[in-house]
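Presented below is the structure to which this report refers.
In this note's numbering, the protein residues as written are 2 to 241.
Given below as structure tokens:
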């Protein structure tokens with residue numbers, strides 16, 4: 002499929018060897034297309050965060066392939082992989098991961114500057130990204146001067162700056178109140194509707210409702226999935 006941004010092909014992640022080996026993922030196949038937000042749900046230890054890390058090239062699968070925009074991550078050198086993450090992948094984490102000594106604008110533009118963008122171009126793109134999350138007026142503020150919700154919005158601006166095509170969000174609302182959390186999810190939804198592909202790891206059914214498709218993990222395997230039209234029945238059923 003030409004619109005496919007991410008493919009996981011038979012991905013397995015195993016820790017340890019022999020009798021003590023633990024499988025975090027077991028033969029996972031998954032595709033995420035442009036304009037699609039996929040929610041990944043499951044109990045603690047089901048492999049949700051491992052799936053996200055492998056999708057973004059932050060971890061190497063024991064077996065299987067990860068393909069991002071046609072590029073097989075196993076064939077990329079460390080330098081190529083780092084460049085791919087800077088250009089194509091946006092990460093949104095629960096703990097924000099902002100650099101406290103940099104302003105909001107500097108946090109957002111850092112990936113672009115590391116990728117060789119001229120400072121003026123990077124700053125323009127960074128201001129546009131902050132404006133898209135309603136924080137252009139906070140460009141010169143440091144993280145410690147921002148609320149938790151504002152910090153997460155800066156993190157989202159950093160994830161989407163430069164037109165990244167794959168957004169990976171790991172429980173991005175876990176540290177936020179319900180109102181701010183919903184605002185953050187609407188921003189993620191808007192970025193996907195604008196043409197990105199997205200994966201949202203969440204344990205909240207109401208957050209998964211923002212997705213086009215819900216994938217359920219248990220013991221490292223995809224045990225069920227549903228498009229938006231059938232999500233409510235699955236969420237209300239026996240899948241845990």
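Every residue gets a Cβ at the ideal spot worked out from N, C-alpha and C, and that includes glycine.
When the Cα atoms are used, residue 91 and residue 219 turn out to be separated by approximately 26 Å. For the region 9 to 50, the continuous beta strand (DSSP E) assignments of 3+ residues that do not extend past its boundaries occur at 23 to 34, 38 to 42, in sequence order.
The count of Cβ pairs closer than 8 Å, one atom from the region 83 to 98 and one from the region 155 to 174, reaches three, so the stretches are in contact. The C-alpha of residue 186 lies about 11 Å from the C-alpha of residue 179. By the neighbour-count criterion, in which 16 or more other beta carbons inside 10 Å mark a residue as buried, residue 58 falls on the buried side.
When Cβ pairs closer than 8 Å are counted between the two stretches, the region 4 to 24 is seen to touch the region 32 to 39, the count reaching three or more.
For residue 173, the number of other beta carbons within 10 angstroms of its own is at least 16, and it is reported as buried. Counting C-beta pairs closer than 8 Å gives three or more between the region 135 to 149 and the region 101 to 108, which meets the contact rule. Counting only runs of 3+ residues, the beta strand (DSSP E) found wholly inside the region 64 to 146 occupies 64 to 69, 90 to 94, in chain order. Per DSSP, reduced to three states, the secondary structure at residue 198 is strand. A straight-line Cα-Cα distance of about 35 Å links residue 125 and residue 207.
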